[in-house]
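Protein chains in written order, with the numbering used here: chain S, 1 to 767; chain G, 768 to 1534. C-beta atoms are modelled at their ideal positions from N, C-alpha and C, and glycine is treated no differently. Given the structure is predicted, the values throughout are model-derived calculations rather than measurements.
There are 2 protein chains.
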Amino acid sequence: MGSLSDIGVAAGINILSALGFLLAFAVLRIQPINDRVYFPKWYLKGTRSSPRHLGTVFSKFVNADLSTYIRFLNWMPAALQMPEPELVEHAGLDSAVYVRIYLLGLKIFVPIAVLAFIVLVPVNWTSGTLENEKSLSYDQIDKLSISNLGKGSKRFWAHISMAYVFTFWTFYVLYREYKVITTMRLRFLANQNRRPDQFTVLVRNVPPDPDETVSEHVEHFFAVNHRDHYLSHQTVYNANTLAGLVENKKGLQNWLVYYENQYAKNPAKKPTMKTGLWGLWGERVDAIEYYKSAIEELCKQEDEERQKVITDPKAIMPAAFVSFKSRWGAAVCAQTQQTSNPTLWLTEWAPEPRDVYWPNLAIPYVELSVRRLIMAVALFFLTFFFMIPIAIVQSLANLDDIERLLPFLKPIIERNSLKAVVQGFLPGIALKIFLIVLPTILMIMSTIEGHTSLSGLNRRTASKYYLFLFVNVFLGSVITGTAFQQLNNFIHQSANKIPEIVGESIPMKATFFVTYVMVDGWAGVAAEVLRLKPLVMFHIKNAFLVRTEKDREEAMDPGSLNFGTTEPRIQLYFLLGLVYAVVTPILLPFIIVFFSLAYLVFRHQIINVYNQQYESAAQFWPDVQRRILIALIVSQILLMGLLSTQQAEKSTVVLLPLPVLSIWFHHVCKGRFEPAFIKLPLQDAMVKDTLERANDPTLNLREYLKDAYVHPVFHKNDMYELAAIDEEEKNPLVATRRRSRMNTLVDSKFNSSSGTTEGEFSRIPPP
Amino acid sequence: MGSLSDIGVAAGINILSALGFLLAFAVLRIQPINDRVYFPKWYLKGTRSSPRHLGTVFSKFVNADLSTYIRFLNWMPAALQMPEPELVEHAGLDSAVYVRIYLLGLKIFVPIAVLAFIVLVPVNWTSGTLENEKSLSYDQIDKLSISNLGKGSKRFWAHISMAYVFTFWTFYVLYREYKVITTMRLRFLANQNRRPDQFTVLVRNVPPDPDETVSEHVEHFFAVNHRDHYLSHQTVYNANTLAGLVENKKGLQNWLVYYENQYAKNPAKKPTMKTGLWGLWGERVDAIEYYKSAIEELCKQEDEERQKVITDPKAIMPAAFVSFKSRWGAAVCAQTQQTSNPTLWLTEWAPEPRDVYWPNLAIPYVELSVRRLIMAVALFFLTFFFMIPIAIVQSLANLDDIERLLPFLKPIIERNSLKAVVQGFLPGIALKIFLIVLPTILMIMSTIEGHTSLSGLNRRTASKYYLFLFVNVFLGSVITGTAFQQLNNFIHQSANKIPEIVGESIPMKATFFVTYVMVDGWAGVAAEVLRLKPLVMFHIKNAFLVRTEKDREEAMDPGSLNFGTTEPRIQLYFLLGLVYAVVTPILLPFIIVFFSLAYLVFRHQIINVYNQQYESAAQFWPDVQRRILIALIVSQILLMGLLSTQQAEKSTVVLLPLPVLSIWFHHVCKGRFEPAFIKLPLQDAMVKDTLERANDPTLNLREYLKDAYVHPVFHKNDMYELAAIDEEEKNPLVATRRRSRMNTLVDSKFNSSSGTTEGEFSRIPPP
């Protein structure tokens, strides 16, 4: 374990770099030119307009108001000011619950840290074992850890009792949080205005019928078996080709705009281009004409394809969105089995229209299970053997081999300075690239598994990524060596040896993880707020592609919380915190700082930046809870392993009830809360139906649902979405205090009307 | 491993004892006096009456017709003659499916045995390893086993490929069987006549309401949330005290009848008794008078208690049976979540009225999960540490200790012959007693877990018992030593060592298991058909308690298939067969003989003897399938372990896909078939509802369901059950070929009208 001063230096460096990021952010965000990078959410909501039209040309780009520089840290309290109900309304429940994960970290670890510093640190510190054994080289920081206790020391009882206290505290916080989230979700669903997915069920694996089309078959089936409740349905078209064409057209249009802009700036010179690959060779043509005709061609193709999809019976997939006359009817259909063959007529709640992952809607049941088997095997190999292909790539990148293969490069390679750089750089780069594309790989794997909603894909990706991080980052750091070597070791170790080995090296790795928390946690979060990539991309697009305000709108990349990749990283901190709480409590403050900073930053981001793609109403919470419990059980088992190497074997028996209790606690929570995340209770559906019938007896539901679940390529310009929102606004189910969103935000929350470029919002508390 | 002649001797002994049992059965069952012991099922169906009223007094008791002795094995083909659909109708689906387990064993193991004898036995036999190593003492039978192959032999590939073939064959048979059983279950449910449980849902955890009684609360809740479907409900009374009183009265009545019979035989002497404990001391009184007054007293108490239960609001449990206007409504309610708190208003299909386990209906959700935790821990200790209390009891039973404690017994104990007997006998008896009461202990544990139906209790008991048998019989026999020692070993062994240790000793234990199959399997099944205990009990009761035909009816103890204890034993044979199929195929014929004999015997028993307590429509099949798959996976892992000790490590990699495939196969089957055993599809419900509405538009369902779910102590003389059956008979939903049960059986299946006492039934095949 490193010395205190080592850690001090590392902390200093990381604090400085984190501060650097934050400072850069503070300066960049108040420049008017960056306004759309750091406040896209408000632009998308329509409550903030470009500040550029005020003042001089200079002040359009650079903020010259010095007073705002003095208040450059104002965003931090501002991020905390918006109360949670408003946050839910503003950013959606998914985001609001997501930042609560960080808060949950604080709730768990602050009391644990306090207790650990009051009880465990003195107990460790006053044990003189390391001092007495002169042969060992030790450091002050080791005296704070469990290593300072001698073998078989009676003081281990303090750690054992603390393990119990920490476990029960974690249970308590987790249970309360689960309860709160469940309530929030149910209230959110209950308060939601009328939405198409409340009335709609996704039906998959419609069996083929020789006499009827899919559409007729669906209609007859539900008209018979849900006689009093069936309303209408929408068949699903296989529009993947069409979607590809639309995507292509968008790319060509970008180029067209680029050349048109060039031409507008410099009308003397007509822009030209080569038609070959990447514009490197081929005939030189007029670029604007070329793209115009290409787009025209594509439009024609698109229309043909659209016609083909609509008329060709083969383009209809054996799936449908079936809508019901009432929420009760939909809830019943989603939760029940329809036929005696449980692989046909599979019903589930329809995801939100924008949450649907269209390409996966038509996979038959048997194929699904084969795909899942293959992906499970693939995940296993990816997790434990990912080093093998990387090692091969690395050996290919060996300079001597390159010299042999490509002798003409020899003079360049032989230069010493270059050689050193490449030799030092190349072996790492394959690994880096792999780690960057890993989330994408995992996402593709989840897609292959055949989930039908984006939120589901994200949740599955998170599970896979967590496994990878747990094996390769946590275990891989504790016991040095690749995951494959560990797997090999573990198979050849006895069942009680594994926790012993891992547990024994846990205290020695504390310094490493402290550094990890600072680099990955502190600096990473600070980098998140700076949004370097969107910043650069926005300015590039702005320079070349933007003509109108609408273009500028599209050039913004608000991004979104990426549950699949960010949540498993948070879980890693939970794991570290729980594992080290008893062993080396000195790690806890670092984790607490991470959670606080991340809470602040992400709360700011969801208020000002991110624009979620979908709203799953916090459906991911059971996964979060489960993974924290896994971390808790791992920490308990490792503590047992550690203590059994310290000649305190009896203590492992005393600790044995902890994992049993944790597993039981998991089952209790699962039974108590999880159904609320999967099923919609009939009572709630009935209440909403009754209210609606009283408030709006003339509602034409069929008209309302007509186009809700049409494949997005059949919509033009997302008209549908706006229409749906309009309807919501006009017909609130229950009269709320909430006024039309636009006005509310402009008036009460956001002082953009005052014309300052500061961008802080001074919230007027609701009366 | 023993020699061939050893096995021959053991086989001879066991075949002789099994034949002895069968012979005794063949002779005993054609004696008129035993008719009610061996054919109770037909008496209960009302299709067979006492044969005693024919012929002389002598022929009332003993069968003098010598020709029937010659045909004494006739029962065997007769047992096979009844075709399956008729068997389902006669004995219920549970029983018919239960005997299919034995058939499944034959389907799996006959082809495997043939293939093993064609391929593996020659491969093993022609390997000369054991002959070459002169130092080893070996036997002919070892040459048939895998032990005859030398380390690292190429011939192991034969075994590996056979492991694949056997696995895929097992998959195929299991999949087909699951499909057949599912179809049988669905057809059975579809063909069933109107039954109360089709319309009824069991609701538990009704929340307390300050203003309403439980009954009102239930009514209001369902009238609102299942507005169009709710019909009526039946609250559940806590009648456990009352049930105890009824039970007591029955005991006293038996004694009264006994004394009255005594008096009738010997009118000169009025029977007397002492009132003290066990009639050993106390005042001597007139026995008949005494019991008459005691019964009168009890009747009074019973009436009071009955009044109290009905009027006291505290006796109403927070549970209810809620009935719906249609099967569709009940299916919806059973499969959906009612409120946002998933621990309240829990709904599930109501079990059959006679399947309900009344005392468990009122356990709150949290208590349930605590109970399950405690029982899981208890099961763990019972399985792994059961030897400890038995060892203590055994040491208490040590004669020297007894001498020291009770010196006056010394002269008796010191006698050598007695000492030898006791010393040899006592240590075993504690274990024997434990093993006899074990199923009861497990049943009590399942009861504490709080399942609400008898069938559920039986299924849970079977799971527990299987774990016990697997650990203590299978593993305990393979690696000698108590389960606790094994647990200790296993914790300290590496993950890949455990299958190696077990796998390595597998071939050596083949002889032991051959003997086990013969003793427990062959002789055990033959003893089952003899029904020694019911035989003795019937004659005792007949001698002392029977006055009327009705008494005689009650004295019969038809017994029933006890799924909880018998199914796990069958599973043990599947396990042995699958494990030894590749290793020592010589075991397979013994297992095949067991399965054939058992199939024969149990088919005979369910036709002629057993009277099932309830009908769960084969709901246990998913458990059967799961346990066979567990056995398959165990066999694959043990084979991997065995081969890795034979210096064929690479082969373990080749075998690795097998367990992965097996787990995947389990998931596929589960997804494909299991819902049919848990949920009722809405389509099926709708079809039956529609048919019923067309056939019987005037049905008064409320009247029909009025008393269906009343606690049995409130019924007098099971009137209800007969009434329900009557109604079924009178109103068949779909006209079937089946005539009224009584006539059918008398006419077509049973020639009792011909007056012979033979008891064979000559079935007239349906036209």
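Quick one: Cα of residue i to Cα of residue j, how far?
i                 : j                 : result
ILE969 (chain G)  : LEU680 (chain S)  : According to the sequence displayed, residue 969 (chain G) carries Leu and not Ile. Those two C-alpha atoms are separated by around 20 Å.
ARG971 (chain G)  : PHE665 (chain S)  : 22 Å
ILE1062 (chain G) : GLN1020 (chain G) : 7 Å
ILE1400 (chain G) : LEU658 (chain S)  : 30 Å
ARG867 (chain G)  : LYS874 (chain G)  : 10 Å
GLY1438 (chain G) : CYS669 (chain S)  : 25 Å
LEU1466 (chain G) : PRO1131 (chain G) : 37 Å
SER1093 (chain G) : HIS996 (chain G)  : 7 Å
TYR704 (chain S)  : PRO697 (chain S)  : 14 Å
TYR720 (chain S)  : ARG195 (chain S)  : In this prediction, TYR720 (chain S) has a pLDDT of 40, which is less than 50 and means its spatial position is unreliable; nothing more can be read from the coordinates.
ILE1208 (chain G) : LEU1149 (chain G) : 10 Å
Listing by chain order, which chain S residues have their CB less than 7 Å from the CB of residue i?
i                 : result
ASN992 (chain G)  : LEU682, GLN683, MET686
LEU1140 (chain G) : TRP664
Under 8 Å between beta-carbons, which chain S residues line up against residue i? List them in chain order, please.
i                 : result
ILE1383 (chain G) : Checking the displayed sequence, the identity of residue 1383 (chain G) turns out to be Ser instead of Ile. Result: empty, since nearest Cβ-Cβ is about 18 Å, beyond 8 Å.
LEU1435 (chain G) : The amino acid occupying residue 1435 (chain G) in the given sequence is Val; Leu does not appear at that position. The contacting residues are VAL366, SER369.
Can you name the residues of chain G whose CB is closer than 9 Å to the CB of residue i?
i                : result
GLN338 (chain S) : PRO1448, LEU1449, GLN1450
ALA330 (chain S) : Correct list: empty, because the minimum Cβ distance to chain G is about 11 Å.
LEU642 (chain S) : Residues of chain G passing the Cβ test: none, with the nearest at roughly 17 Å.
By Cβ distance below 6 Å, which residues in the same chain neighbour residue i in space, the five residues on each side in sequence not counted?
i                 : result
ALA1086 (chain G) : ARG971, VAL1003, LEU1128, ALA1129
ALA723 (chain S)  : Note that ALA723 (chain S) scores a pLDDT of 40, beneath 50, so its modelled location is shaky; the value from the coordinates is reported in the next line. For ALA723 (chain S), where only same-chain residues beyond five positions count, there are no Cβ hits under 6 Å.
TYR805 (chain G)  : ARG796
GLN1001 (chain G) : PHE1088, TYR1476
Could you name the residues of chain G that residue i contacts, counting a contact when the two beta carbons are closer than 8 Å?
i                : result
ASP228 (chain S) : ASP995
VAL377 (chain S) : VAL1427
Since residue i sits in a beta bridge, which residues does DSSP pair it with?
i                 : result
ASP1053 (chain G) : G:THR1039
THR1002 (chain G) : G:ALA1087
GLU1115 (chain G) : G:LEU969
TYR997 (chain G)  : G:PHE1091
SER1107 (chain G) : DSSP lists no partner for SER1107 (chain G).
VAL1123 (chain G) : G:SER1220
Along chain G, in chain order, which residues have C-beta atoms closer than 7 Å to that of residue i?
i                : result
VAL186 (chain S) : The sequence shown places Leu at residue 186 (chain S), not Val. Here the neighbours are SER1107.
ALA676 (chain S) : SER1107, PRO1109
Among residues of its own chain, excluding the 5 on either side of residue i, which ones have a beta-carbon nearer than 8 Å to its beta-carbon?
i                 : result
ALA190 (chain S)  : ASP684, VAL687, LYS688
HIS987 (chain G)  : GLU979
CYS1066 (chain G) : LYS1016
ALA24 (chain S)   : LEU530
In chain S, which residues lie less than 9 Å from residue i when you measure between Cβ atoms?
i                 : result
ARG1439 (chain G) : ASN341, PRO342, THR343, TYR365, VAL366, SER369
With respect to 7 Å, is the separation between the Cβ of residue i and the closest non-hydrogen atom of the ligand COA below this value?
i                : result
LYS706 (chain S) : As for the ligand COA, it is missing from this structure, which has no ligand bound.
Looking only at its own chain, which residues have a Cβ that is under 7 Å from the Cβ of residue i, when we skip the five neighbours before and after it?
i                 : result
ILE637 (chain S)  : PRO499, PRO659
ASN891 (chain G)  : LYS910, LEU911, SER912, ILE913, ASN915, LEU916
VAL1480 (chain G) : ALA1006, LEU1009, ALA1010, VAL1013
GLN1068 (chain G) : LEU1012
Please list the residues of the stretch 333-358 of chain S that have a C-beta atom closer than 7 Å to any C-beta atom in chain G, keeping them in chain order.
Residues passing the 7 Å Cβ filter: GLN335, THR336, GLN337, GLN338, THR339, SER340, PRO342, THR343.
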